[in-house]
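Asker:
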Amino acid sequence: MAEDRKPEQPATKPIPVKPAVERMSDKDEAPPGTPGTGENVDPKTGERYVQGIGGA
7 MAEDRKPEQP ATKPIPVKPA VERMSDKDEA PPGTPGTGEN VDPKTGERYV
57 QGIGGA
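Mapping of the sequence shown onto the working numbering: residues 7 to 62, in sequence order.
(1) Please state whether DSSP places Q57 in a helix, a strand or coil.
(2) Can you tell me whether T18 is buried or exposed? The criterion is at least 16 other CB atoms within 10 Å of its CB, across all chains shown.
(3) Under a three-way DSSP split, which group does E45 fall into?
(4) How would you label V56, buried or exposed, when you count the other beta carbons within 10 angstroms and need 16 or more for buried?
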C-alpha cells in the first residue's frame with residue numbers, strides 16, 4: 007500500500023509581501039501618497055522624505 011502514495015510536492019518558496027503602507031522615516035510629516043504632500047530630498051544626506059506642501 008505504501009507504493010500507492012503520490013510523491014510529495016517540493017516545498018514552494020514563500021512569496022514576499024510588500025506592506026500596504028511604507029514605513030515612515032523620522033523626517034516624514036505624513037505617510038507616502040497623502041494628499042497635500044510631496045517628496046523632498048535632504049541636500050546634506052540625500053535622504054528622501056515626505057513633506058507637506060501647504061494649502062488649505
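Virtual Cβ for every residue (Gly too), placed ideally from N, Cα, C.
Owing to the predicted nature of the structure, the values given are computational and were not obtained by experimental measurement.
Answerer: According to the structure shown:
(1) DSSP places Q57 in strand when its eight states are reduced to three.
(2) With fewer than 16 Cβ atoms within 10 Å of its Cβ, T18 is classed as exposed.
(3) DSSP, reduced to helix, strand and coil, places E45 within a strand of the structure shown.
(4) Around the beta carbon of V56, 16 or more other beta carbons sit within 10 angstroms, so the residue counts as buried.
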